[in-house]
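Residues 34 to 248 (my numbering) are what the sequence shown spells out, left to right.
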Amino acid sequence: MTLIEASRALRERRVTSAELVESSLDRIERENPDLNAFIAVLPEYALHRAAEADRELAAGVNRGPLHGIPVAVKDVFDMRGIPTTGGALIYDNAPATANAAVVERLEAAGAVITGKLNLHELAYGITSENPHFGAVRNPRNREHSAGGSSGGSAVAVAAGLVFASLGTDTGGSIRIPAAFCGVVGCKPTFGLVSRHGTQPLGFSLDHVGPLASTV
C-alpha cells in the first residue's frame, strides 16, 4: 500500500490510523533488528498520535494526505523530549526542548512519527555504516550498501516500515540512499524547507527533503 492509498483508505474509513500505526510498529519490531533503520522507536507517542488522528477523522476533520499516516524522521531533527544524536556520541544527548520546524509541520499535518532514523555518523558519508548505532542494511540485498547519509530514511520506506520519511541532503544524502534502496527521494530547492531545529552539516548547502515509495 502506498501513502496515497493509505490516505484514501483512512478518509474512506476502511482502516484506522491506529491500525496503520500498530502494523508499522509490529513491522519495525520484527524487521529493525536486522535492518537497523531506527535509532529510536516511539510506540507510546505514535499510538497516542494515532488515537488523536482517528478522533479527528471520525469528527470530519481532515488535515490532508499525511493525516494519520505513520512516518519517521532522520535523527538530525529535534523532537521535543527526545535526544537528537546525529548518529554520533559527541553530544550530551539531552532531550530536545523544542521541535524542529519540519517536525512541527508534520505534526500540524496530522502525520504520526514512529521514531528517529539511523544515518551515517554526523550525516557525513554515503554508506550509513554507523560505528555507534550499527550499520544500516539494504532491504533489497543485505550485502549491498544502503547508501547515506540518510540510509535509515531510505531503508524504512523500502522495507515498508513507514510510508514516508524525512532526510537531509548536502552532497547526495537523500538521493544516494533513495537510489540504492529503490525508493523516491527529493532534494528540494535550497531554503524551501526550513532547517530550523536541524543539526547542520554545511548550513549553506543543507536541504531537508522527503522519501517515499512512489512519486
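Glycine included, each C-beta is placed from N, C-alpha and C at the ideal position.
- In the structure shown, residue 166 falls within a coil segment according to DSSP collapsed to helix, strand and coil.
- The Cβ atoms of residue 214 and residue 173 lie closer than 8 Å to each other.
- For the 8 Å CB-CB criterion, residue 79 and residue 54 form a contact.
- The straight-line gap separating the alpha-carbon atoms of residue 61 and residue 238 is approximately 32 Å.
- According to DSSP, residue 100 shares a beta bridge with no other residue.
- Within 10 angstroms of the beta-carbon of residue 65 lie 16 or more other beta-carbons, which makes it buried.
- By the criterion of a C-beta distance shorter than 7 Å, residue 220 is surrounded in its chain by 202, 207, 208, 240, 242, once the five residues flanking it on both sides are discounted.
- By the CB criterion at 8 Å, residue 148 and residue 236 fall outside the cutoff.
- Within the DSSP bridge table, the entry for residue 34 names no partner.
- DSSP places residue 190 in the helix class (H, G or I) of the three-state scheme.
- Burial check for residue 102: the Cβ neighbour count within 10 Å reaches 16 or more, so the residue is buried.
- Within the stretch 39-127, the runs of beta strand (DSSP E) at least 3 residues long that lie entirely inside it are, in chain order, 71-74, 103-107.
- When DSSP states are grouped into helix, strand and coil, residue 230 belongs to the coil group.
- By alpha-carbon distance to residue 186, the top candidate from 56, 159, 86, 131 is 159.
- In this structure, the alpha-carbon of residue 166 lies about 20 Å from that of residue 104.
- Taking all protein chains in view, the Cβ of residue 131 is surrounded by fewer than 16 other Cβ atoms within 10 Å, so the residue is classified as exposed.
- In the same chain as residue 229, and ignoring 5 residues on each side of it, the C-beta atoms closer than 7 Å to its own belong to 133, 134, in chain order.
- In this structure, residue 151 and residue 69 form a Cβ contact; the two beta carbons are roughly 6 Å apart against a cut-off of 8 Å.
- Under DSSP, residue 243 shares a beta bridge with 199.
- Proximity to residue 204 across 231, 156, 81, 162 peaks at 156, based on C-alpha coordinates.
- For residue 135, the enclosing alpha helix (DSSP H) starts and ends at 134-141.
- By the Cβ-count criterion, residue 57 is buried, with 16 or more other Cβ atoms from all chains shown falling within 10 Å of its own Cβ.
- By the CB criterion at 8 Å, residue 49 and residue 87 fall inside the cutoff.
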